[in-house]
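Let me begin by presenting the structure, written as structure tokens, before commenting on it.
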Amino acid sequence: MESSSIQDSLANVQAKFKDIRKLLNDHKKLSTENVSYKIIYQVIDLLKSMETKMIKILEDIPEEEKENGILTLAVIHLYLGMLHVDTEELKPGEEQSMKCIKLLKNKELEPAAILPVLNALNQLGIIWSQWNQLTKAKEFLIQAERIYNDFKNQLETGDDDSSKSPVINMAQILGIEEFKDNQSPRDVLEKVHTLTLYCLAQVYGSLKDHRQSALYCHMTLRRQLGENKLTQDLDYIDWALNSATLSQYFMENEGFSQARHHLAAASYILQKYENILKEKTEENGESEALTAEWENFKHRSADVARCWAKYGILLMSLSKQRLLQRSESEQDDDETDKESKLNTIGDLRFDILEKEIEPIANQITDKYLLDFDDARLVFLSVLKWLEQAKTYYTLENHASDYVLIVQDISQAYKYLSFFEEHEDRQAKMHRRRINVLEDVIKELNPQYYESACRQIWLELGETYSDILDIKLDRLRSSDEKPTAQALAKINHLAKSAIKNFQAFLNSIQMRNSNSGAEFPAEVMQSALFSYFHLGRLYNKIVSVDKTIQLENTQNSYNAYKFVVDYCDNYPSAAEVMKVELNLCRELVNLLPIKLNRLRERDN
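Written out as structure tokens, the structure is:
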């Protein structure tokens with residue numbers, strides 16, 4: 001084939017991309033799936049026809065003239081791969097993407113090849129992820145990351161004119177005008193790389209490598225800020241939610257400084273978005289679309305508030321654990337472990353937001369709490385955030401979430417009580433827990449909210465027991481004879497705790513009518529602990545009536561005996577209840593003596 005004829009054929013193939021671009025633009029505008037898929041298949045047919053022609057052209061072109069044709073064919077393969085994935089045809093998508101990669105082998109760092117190669121590698125990473133072949137997906141994405149870094153290093157050490165783009169857009173490869181998307185080829189390159197990092201974050205997360213996932217999540221979020229410069233191109237809600245979610249990883253690994261930074265960034269971005277919505281409302285008035293945006297903003301603001309609350313609650317909890325550590329040497333070892341664990345990922349921050357978010361971050365400490373004053377400040381912040389979350393997650397519209405928020409409030413009071421030295425004030429904090437939990441459980445139907453009710457019954461049982469212990473400790477430390485009022489209070493607390501533990505056990509046994517059957521794994525430990533508590537609580541009830549004493553002692557014996565028998569029948573339970581089981585065995589031997597004495601007195 002003559003050179004002029006080859007060039008004409010190549011020009012004809014490239015010209016068809018204008019028709020394809022128009023069809024793809026129509027595809028984006030249409031929301032009807034059937035019509036949209038019809039357009040995609042039209043484009044696929046056009047591209048396959050072009051693929052066949054390009055392969056034929058390349059057979060007739062001298063080797064030294066093939067470069068443009070190879071690039072054009074590579075881009076055709078890339079488009080075909082992407083469109084096949086859009087129609088959920090993953091195998092053809094994988095095959096076409098691999099053809100693109102193979103055609104451009106050893107050309108990856110060339111200005112015209114870099115974008116097709118990175119796009120194809122990203123596509124392969126996505127495809128293999130969908131096939132749940134995560135290691136394979138990671139290999140393609142790591143390759144894309146490496147090629148990008150090599151290309152950038154090449155630019156930094158090269159002599160290219162910075163006024164000219166060293167990256168060639170795929171539109172230029174196809175010989176058509178630049179697409180009207182206002183993005184320079186360099187901007188496109190950066191967005192493609194951001195997608196690589198985002199996909200790596202997802203893949204590492206699925207591989208349970210949470211450290212690497214967190215690192216790539218942060219890199220993605222940081223690049224999104226830099227690329228969009230806080231313009232409306234940034235998806236504010238999505239960015240804020242991802243930053244707040246990432247904070248959970250840091251706080252769970254005791255990286256409170258990093259967690260606080262990411263939460264403050266999330267709150268700042270939400271504030272920026274709220275200002276945008278206010279401007280829209282002022283300029284355009286209310287509309288259905290704007291109402292939906294406001295609703296989404298309120299929803300996600302509540303979610304970020306809950307993440308802040310989790311931060312505060314976890315800080316209180318870990319501060320309590322830290323103060324309870326007995327051995328100073330163990331504490332030193334533990335601190336060393338924490339330090340090395342955090343240093344492996346580094347101090348990840350958003351430098352572009354540092355000054356703006358400082359006032360938000362400073363509303364709560366990132367240091368361990370040492371005393372009541374420290375804990376109280378955190379506690380008040382936690383309550384503020386949870387009350388904010390409750391404005392969206394109401395009992396009427398979001399009952400399950402509302403219950404979780406109430407449980408968080410209870411936990412905040414629980415941890416604050418640890419730092420309180422005065423017993424009366426400790427008891428008041430536990431009483432507040434009881435009030436908020438009882439207020440919500442009376443509104444719940446146990447049939448529909450079984451799991452939530454079980455959790456609350458357990459927590460109420462434990463909270464009544466905590467107050468009971470405070471009251472009993474006070475009586476033991478006093479030389480005075482307990483008043484009838486004090487004894488009545490003790491009995492009320494014991495019976496209230498029993499009532500809630502029994503409600504929990506009843507909810508399990510209603511589902512499991514065979515009393516000798518094994519508990520479901522998810523409730524086994526809680527059930528046995530409930531029986532252990534019942535054994536202890538029946539023994540705490542004070543009565544001068546010998547019949548009632550006998551009944552309570554028998555109930556106590558029955559509860560302890562149940563734990564012993566269950567652990568004998570199911571050895572795996574004995575492992576879970578090691579400490580309590582020894583005490584149960586001891587009391588099962590001792591209580592019959594007490595029962596015999598009570599019976600003898602009656603006689």
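Per full-length UniProt numbering, the sequence shown runs over residues 1 to 603.
Glycine included, C-beta positions come from ideal geometry on N, C-alpha and C.
All figures in this text were calculated on a predicted structure; none of them were measured in a lab.
Could you tell me which of 347, 301, 300, 504 sits nearest to residue 258, measuring between CA atoms?
Locating residue 258 in the sequence shown gives position 258, where the first residue counts as 1. The option with the nearest alpha carbon to residue 258 is 347.
Does DSSP put residue 324 in a helix, a strand or coil?
As a first step, residue 324 is located in the sequence shown; it is residue number 324 there, counting from the start. Three-state DSSP puts residue 324 in a helix.
Between residue 407 and the rest of its own chain, which residues show a CB-CB distance below 8 Å, the 5 nearest in sequence each way excluded?
Numbered from 1 along the sequence shown, position 407 holds the residue referred to as residue 407. Within the same chain, residue 407 has close Cβ partners 437, 455, 456, 459.
Assuming residue 463 contacts residue 425 under a Cβ cut-off of 8 Å, what Cβ separation, rounded to an integer in Å, is found between them?
Working through the sequence shown from its first residue, we reach residue 463 at position 463. Working through the sequence shown from its first residue, we reach residue 425 at position 425. Contact annotation, residue 463 with residue 425: C-beta distance approximately 15 Å; criterion of less than 8 Å not satisfied.
Could I get the ranges of all uninterrupted alpha helix (DSSP H) runs contained in the stretch 217-254, with 4 residues as the minimum, in chain order?
Entirely contained in the stretch 217-254, the alpha helix (DSSP H) runs reaching 4 residues are, in chain order, 236-252.
Following the continuous alpha helix (DSSP H) through residue 118, name the residue where it begins and the one where it ends.
Counted from its first residue, the sequence shown places residue 118 at position 118. Note, residue 118: alpha helix (DSSP H), 114-130.
Cβ-based burial, residue 133 [other Cβ within 10 Å; buried from 16]:
Here residue 133 corresponds to residue number 133 of the sequence shown, with the count starting at 1. It counts as exposed.
List in chain order: all unbroken beta strand (DSSP E) runs of 3+ residues lying wholly within the stretch 335-390.
Counting whole runs of 3 or more residues, the stretch 335-390 contains no beta strand (DSSP E) stretch at all.
What residue from 145, 198, 115, 506 has the CA that sits closest to residue 172's CA?
On the sequence shown, residue 172 is found 172 positions in, with the first residue counted as 1. Ranking the options by Cα distance to residue 172, first place goes to 115.
By DSSP, does residue 544 sit in helix, in strand, or in coil?
In the sequence shown, counting from the first residue as 1, residue 544 sits at position 544. DSSP, read as helix, strand or coil, puts residue 544 in coil.
To the nearest angstrom, how far is the alpha carbon of residue 427 from that of residue 566?
Taking the first residue of the sequence shown as 1, we reach residue 427 at position 427. Taking the first residue of the sequence shown as 1, we reach residue 566 at position 566. Each residue's alpha carbon lies about 34 Å from the other.
Are the CB atoms of residue 166 and residue 155 nearer to each other than 9 Å?
Walking along the sequence shown from the start, residue 166 turns up at place 166. Walking along the sequence shown from the start, residue 155 turns up at place 155. Yes, Cβ-Cβ distance for residue 166 and residue 155 is below 9 Å.
Determine the closest residue to residue 189 out of 144, 233, 217, with distance taken between C-alpha atoms.
The count along the sequence shown starts at 1 and reaches residue 189 at position 189. When C-alpha distances from residue 189 are compared across 144, 233, 217, the shortest belongs to 144.
Does the beta-carbon distance from residue 498 to residue 472 come in below 9 Å?
The residue you call residue 498 lines up with position 498 of the sequence shown. The residue you call residue 472 lines up with position 472 of the sequence shown. Contact annotation: residue 498 and residue 472 have beta-carbon atoms that are not nearer than 9 Å.
Apart from the five residues just before and just after residue 281, which ones in its own chain have a Cβ nearer than 7 Å to its Cβ?
Numbered from its first residue, the sequence shown carries residue 281 at position 281. By the criterion of a C-beta distance shorter than 7 Å, residue 281 is surrounded in its chain by 290, once the five residues flanking it on both sides are discounted.
Am I right that residue 124 and residue 97 are in contact with their C-beta atoms under 8 Å? What's the rounded C-beta distance?
Mapped onto the sequence shown, residue 124 falls at position 124. Mapped onto the sequence shown, residue 97 falls at position 97. Indeed they touch by this definition, with Cβ atoms about 5 Å apart.
What are the start and end residues of the alpha helix (DSSP H) that includes residue 429?
In the sequence shown, the residue the question calls residue 429 occupies position 429. Looking at the DSSP string, the run of the alpha helix (DSSP H) that includes residue 429 is 423-441.
Tell me whether the beta-carbon of residue 270 lies closer than 9 Å to the beta-carbon of residue 301.
Reading the sequence shown from its first residue, position 270 is the one you call residue 270. Reading the sequence shown from its first residue, position 301 is the one you call residue 301. Going by C-beta atoms, residue 270 is nearer than 9 Å to residue 301.
Counting beta carbon pairs with one atom in the stretch 523-535 and one in the stretch 563-578, are three or more of them shorter than 8 Å?
They touch, by the three-pair rule.
Which residues in the same chain have their Cβ closer than 7 Å to the Cβ of residue 333, if we skip the five residues on either side of it in sequence?
In the sequence shown, the residue the question calls residue 333 occupies position 333. Here residue 333 scores only 49 on pLDDT, less than 50, and its place in the model should not be relied on; the value that follows carries that caveat. Within its own chain, no residue has a Cβ closer than 7 Å to the Cβ of residue 333 once the five positions on either side in sequence are excluded.
Do you know how far the Cα of residue 467 is from the Cα of residue 376?
Here residue 376 is taken as the residue at index 376 of the sequence shown, counted from 1. Here residue 467 is taken as the residue at index 467 of the sequence shown, counted from 1. A direct Cα-Cα distance of roughly 20 Å separates residue 376 from residue 467.
Give every residue of the same chain whose Cβ lies closer than 6 Å to the Cβ of residue 236, excluding the five residues on either side of it in the sequence, and list them in chain order.
Numbered from its first residue, the sequence shown carries residue 236 at position 236. Listed in chain order, the non-local C-beta contacts of residue 236 below 6 Å within the same chain comprise 269, 273, local neighbours out to five positions each way being set aside.
On a CA-only basis, which of 92, 85, 391, 70 is nearest residue 102? Give me that one, please.
The residue given as residue 102 occupies position 102 in the sequence shown. Comparing Cα positions, the closest option is 70.
Grab me the residues of residue 443's own chain with a C-beta within less than 7 Å of its C-beta, minus the 5 sequence neighbours each way, in chain order.
Within the sequence shown, numbered from 1, the residue matching residue 443 stands at position 443. Excluding sequence positions up to five before and after residue 443, its CB lies within less than 7 Å of the CB of 395, all in the same chain and listed in chain order.
Can you list, in chain order, the residues of its chain whose CB lies under 7 Å from that of residue 397, leaving out five sequence neighbours each side?
As a first step, residue 397 must be located in the sequence shown, where it is residue number 397. Excluding sequence neighbours, residue 397 sits near nothing in its chain.
Three-state class that DSSP yields for residue 84 in the structure shown:
In the sequence shown, residue 84 corresponds to position 84, counting from 1. Correct three-state label for residue 84: helix.
Using beta-carbon positions only, say whether residue 577 and residue 519 come within less than 9 Å of one another.
Position 577 of the sequence shown holds residue 577. Position 519 of the sequence shown holds residue 519. No, the Cβ-Cβ distance between residue 577 and residue 519 is not below 9 Å.
Using 10 angstroms around the beta-carbon of residue 685, count the other beta-carbons present and answer buried if the total reaches 16, otherwise exposed.
What the structure shows of the chain is the stretch from 1 to 603, and residue 685 is not part of that stretch, so it cannot be assessed.
Among 251, 57, 318, 95, which residue has its Cα nearest to the Cα of residue 411?
For the purposes of this step, residue 411 is identified with residue 411 of the sequence shown, where counting begins at 1. Answer by Cα proximity: 318.
In whole angstroms, what is the alpha-carbon distance linking residue 480 and residue 439?
Taking the sequence shown and counting its residues from 1, the one referred to as residue 480 is at position 480. Taking the sequence shown and counting its residues from 1, the one referred to as residue 439 is at position 439. Spanning the two alpha carbons is a distance of roughly 36 Å.
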